[in-house]
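S.K.: Structure provided below as structure tokens; questions to follow.
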Amino acid sequence: MDSLTRARLGRSIVALRRRTTITGMTTLQRILPVWRSLLYVPANVEKFVDKTHTRGADVIRLDLEDSVPPTEKAHACALVERAAQRVRQAGADVVVRINRPLALAVRDIEACVLPDVDGLAITKTESASHLQLLDELISELEQSRGLPAGHIKLIAMIETPAAFLSIGEIVRAVPRIVATNIGGEDFSIACNMEPSDETLLYPKQHMIIAANAAGIMPLGYSASVADYSDITAFRAMVRRSRAYGFMGAGRIHPTQVKAVNEEYRPSAKEIEWRRKVIDGYALATQAGRASFAIDNKMIDIPIVQRANWMLARDSAIVAREQRSGTGV
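In my numbering, the protein residues as written are 7 to 334.
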């Protein structure tokens, strides 16, 4: 490997990943966006597009797939550029959920690789090679349109049993993948099972583990709450979901955005505790120790690592809210 190739490789790795080291233990993580709430909006419904920027979501997910009837898909695709400019005016990122089969996916991608679009949700992801094929097209469009390489991020949606069995390869297929989720309804139909909390628990937990192994975000909930009027029950479910390891999720109703933003971030009490852990670890290392106690609880390196991660996560959320002028 010559020096120029080595330098390019080094820059690519640094751009996509960061290292966090505690007493010789190193973890490798991608630099991920803060995408707690992803609000679905049909790209062809003007009354929804018009007010979406006021809802406070981290991401507006313009939909070209299930919420758009076949007769409207071409029209919705043509509306993406203007809609993306409008829905991001309050600071939200924009992700577009595209269609399958491949012919529709290519048309959607050609319409969506734009400065005001931050990512694409790839429906019915089939395999790593499927994503690599789409990545090649996206890269060519980024270059021809003067966009930075990697501008468009990807969410790999797992909706078939074949994709689920290949999830470990899928989530590592291309560097632009930043998140994945289980498409519960489609996945359940393909597996000939009811889409219940019980039947989907194992697939979702497996997805969370695969996402973390790849250093990307697992999106979704531990359960589903169809009644969006019961905000108390919804909040409790989102809180449980964060405990499972989910980092954000899609929503179809704007009244749930605030709850999702609040529950998919560390609480003030959690932040206070994690800072005590970090401060305690600093004192312990000065005394030549790697473990110590706080409030009669034993603290060691994995807990310190989690504290560092949680504080970094909170700082990223604060920075996002400062940029967008929002807050919870």
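Cβ atoms here follow ideal geometry from the backbone N, Cα and C, with glycine treated the same way.
By the DSSP assignment, the beta strand (DSSP E) with threonine 186 in it spans what residues?
M.R.: Threonine 186 -> beta strand (DSSP E) spans 183-188.
S.K.: If distances are taken between C-alpha atoms only, which option among Ile323, Ile144, Ala217 and Tyr287 comes closest to isoleucine 338?
M.R.: Examination of residue 338 is not possible in this model, given that the chain is present from 7 through 334 alone.
S.K.: Indicate the three-state DSSP secondary structure (helix, strand or coil) for valine 119 in the structure shown.
M.R.: Note: valine 119 maps to coil in three-state DSSP.
S.K.: Output the distance between the C-alpha atoms of lysine 57 and leucine 44, rounded to the nearest integer angstrom.
M.R.: In a straight line, the C-alpha of lysine 57 is about 15 Å away from that of leucine 44.
S.K.: What residue from Ile37, Asp72 and Arg312 has the CA that sits closest to tyrosine 46's CA?
M.R.: When each option's Cα is compared against that of tyrosine 46, the closest is Asp72.
S.K.: Taking contact to mean 3 or more Cβ pairs, one atom from each stretch, closer than 8 Å, check whether the segment 117-124 and the segment 140-157 are in contact.
M.R.: These segments touch.
S.K.: Just verifying my parser: in three-state terms, what is the DSSP assignment at alanine 155?
M.R.: Residue state, collapsed to three classes: coil.
S.K.: Need the endpoints of the alpha helix (DSSP H) that phenylalanine 54 sits in, please.
M.R.: Where phenylalanine 54 is concerned, the enclosing alpha helix (DSSP H) stretches over 52-57.
S.K.: Excluding the five sequence neighbours on either side, which residues of its own chain have a C-beta within less than 8 Å of the C-beta of asparagine 50, listed in chain order?
M.R.: Val74, Glu78, His81, Ala82 and Leu85, listed in sequence order.
S.K.: Tell me, to the nearest whole angstrom, how far the beta carbon of lysine 264 is from that of glycine 97; I am working on the premise that it is less than 8 Å.
M.R.: That pair is no contact at about 15 Å.
S.K.: Measure the beta-carbon distance from glycine 189 to tryptophan 41 and round it to whole angstroms, keeping in mind my assumption that it falls under 8 Å.
M.R.: Wrong, their Cβ atoms sit about 17 Å apart, outside the cutoff.
S.K.: In chain order, what residues of the same chain have a beta carbon less than 8 Å from the beta carbon of isoleucine 237, not counting five sequence neighbours either side?
M.R.: Around isoleucine 237: Thr261, Gln262 and Ala265.
S.K.: Return the CA-CA distance between proline 167 and isoleucine 183, expressed in angstroms with no decimal places.
M.R.: Taking the straight line from one Cα to the other gives about 20 Å.
S.K.: Between the C-alpha atoms of proline 224 and isoleucine 66, what's the straight-line distance to the nearest angstrom?
M.R.: Cα to Cα, the separation comes out at about 18 Å.
S.K.: Confirm, please, whether the CB-CB distance from isoleucine 37 to valine 101 is below 8 Å.
M.R.: Taking 8 Å as the Cβ cut-off, valine 101 and isoleucine 37 do not qualify as a contacting pair.
S.K.: When DSSP labels each residue in this structure, what does phenylalanine 240 get in the three-state scheme?
M.R.: Reduced to three states, the DSSP call for phenylalanine 240 is helix.
S.K.: Taking C-beta to C-beta, are tyrosine 250 and glutamine 211 nearer than 8 Å?
M.R.: Contact: yes.
S.K.: Would you mind reading off the limits of the alpha helix (DSSP H) that contains arginine 349?
M.R.: Nothing about residue 349 can be reported from this structure: the residues present for the chain run from 7 to 334 only.
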